[in-house]
Amino acid sequence: MAYIGREPTSGEFKKVDVSSWTFNDSSTSFPLGFQAGEVNQLVVSLNGVIQEPTADFLLTNGGNNIIFTTAPATGDSCFAMLYGDVGGVAIPDTSITAAKLASNLQSFTEDYFTASGDSNSYTLTESPPSKSSILVTVDGIVQAEANYSLSGTTLTFDSNLDSDSALRIIHLGMRSGVTNPIAGSVGITEISSDLMAKAGIRINANELTEDVTIGANQRASVAGDFKISATLRVDGVFTIV
Numbered sequence: 695m696a697y698i699g700r701e702p703t704s705g706e707f708k709k710v711d712v713s714s715w716t717f718n719d720s721s722t723s724f725p726l727g728f729q730a731g732e733v734n735q736l737v738v739s740l741n742g743v744i745q746e747p748t749a750d751f752l753l754t755n756g757g758n759n760i761i762f763t764t765a766p767a768t769g770d771s772c773f774a775m776l777y778g779d780v781g782g783v784a785i786p787d788t789s790i791t792a793a794k795l796a797s798n799l800q801s802f803t804e805d806y807f808t809a810s811g812d813s814n815s816y817t818l819t820e821s822p823p824s825k826s827s828i829l830v831t832v833d834g835i836v837q838a839e840a841n842y843s844l845s846g847t848t849l850t851f852d853s854n855l856d857s858d859s860a861l862r863i864i865h866l867g868m869r870s871g872v873t874n875p876i877a878g879s880v881g882i883t884e885i886s887s888d889l890m891a892k893a894g895i896r897i898n899a900n901e902l903t904e905d906v907t908i909g910a911n912q913r914a915s916v917a918g919d920f921k922i923s924a925t926l927r928v929d930g931v932f933t934i935v
């Protein structure tokens, strides 16, 4: 078809072929015959009643299938239409809901233990990045971060829990892959501003408050005045400028 001026780019409308769909009061997932970009591109009616995207139906299998939240009944009639380009609809801010996430992202990982009374350490299924990334409860009581330490997958309490205490650890936030930076790839801009200034200038505090050991093959320096309020062991070289 010829156009005067620029050809429209809004994309085609597609009627979904529902002839192969069999409603039987139990089946909920049906093929679209194409890939839809997002659930809001579909208009679906059952027995003439428009269904609400996300609430009444979702997309699965990479957008190739529709899944109803309630199985259509035997004898129900359906009409479905795709509006606009496949994948051509932008996702507005704040529009992503839990229902649109992959199933492995919709719920938090949880660890459960029953205390034996003679141990204060427990091995988690995942390694939390920090204590703020988990919620720890003992017999339903939330524990303060000061009551335990965290190292990798090991959670250690200050003292043994009472025998038969119910320990629950909820890993907060989405699970995602974390990789270590490639050796030599971290530059000045990636380092916290309280450690580095422009042009590689090192910023140090004016007081030592934690024990530090400078190894025999190590060299260290600070800009004075510098107050030493903890143990400083120097086996190598330590210079105050």
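For the sequence shown, this note's numbering assigns the number 695 to the initial residue and increments by one for each residue that follows.
Here a beta-carbon is modelled for each residue, glycine too, at the ideal position from N, C-alpha and C.
For Ala860, which three-state DSSP category applies? The residue given as residue 860 occupies position 166 in the sequence shown. It is a strand residue.
Where Phe717 falls, given that 16 or more other Cβ within 10 Å makes a residue buried: The sequence position of residue 717 within the sequence shown is 23, counting from 1. Under this definition Phe717 is a buried residue.
Where does Val743 fall in DSSP's three states? By one-based count along the sequence shown, residue 743 stands at place 49. Of the three classes helix, strand and coil, the one that applies to Val743 here is strand, per DSSP.
What does the Cβ neighbour count give for Gly742, buried or exposed, with the cut at 16 atoms within 10 Å? Taking the sequence shown and counting its residues from 1, one reaches residue 742 at position 48. Flag for Gly742 reads exposed.
Three or more C-beta pairs below 8 Å linking the stretch 759 to 771 and the stretch 806 to 817: no
For Asn898, which three-state DSSP category applies? Against the sequence shown, residue 898 aligns to sequence position 204. Coil, per DSSP.
By how many angstroms is the C-alpha of Leu753 removed from the C-alpha of Ile863? On the sequence shown, position 169 is the one that residue 863 refers to. On the sequence shown, position 59 is the one that residue 753 refers to. Each residue's alpha carbon lies about 32 Å from the other.
So Gly930 and Ala910 are in contact, right, with Cβ under 8 Å, and what is the actual spacing, rounded? In the sequence shown, counting from the first residue as 1, residue 930 sits at position 236. In the sequence shown, counting from the first residue as 1, residue 910 sits at position 216. 5 Å between Cβ atoms; contact.
Boundaries of the beta strand (DSSP E) in which Leu849 is found, first to last residue: For the purposes of this step, residue 849 is identified with residue 155 of the sequence shown, where counting begins at 1. 848 to 851 is the extent of the beta strand (DSSP E) around Leu849.
Where does Leu736 land, buried or exposed, given buried means 16+ other C-beta within 10 angstroms? By one-based count along the sequence shown, residue 736 stands at place 42. Label assigned to Leu736: buried.
How long is the line joining the alpha carbons of Pro823 and Asn814, rounded to whole angstroms? Reading the sequence shown from its first residue, position 129 is the one you call residue 823. Reading the sequence shown from its first residue, position 120 is the one you call residue 814. C-alpha separation (whole angstroms): 20 Å.
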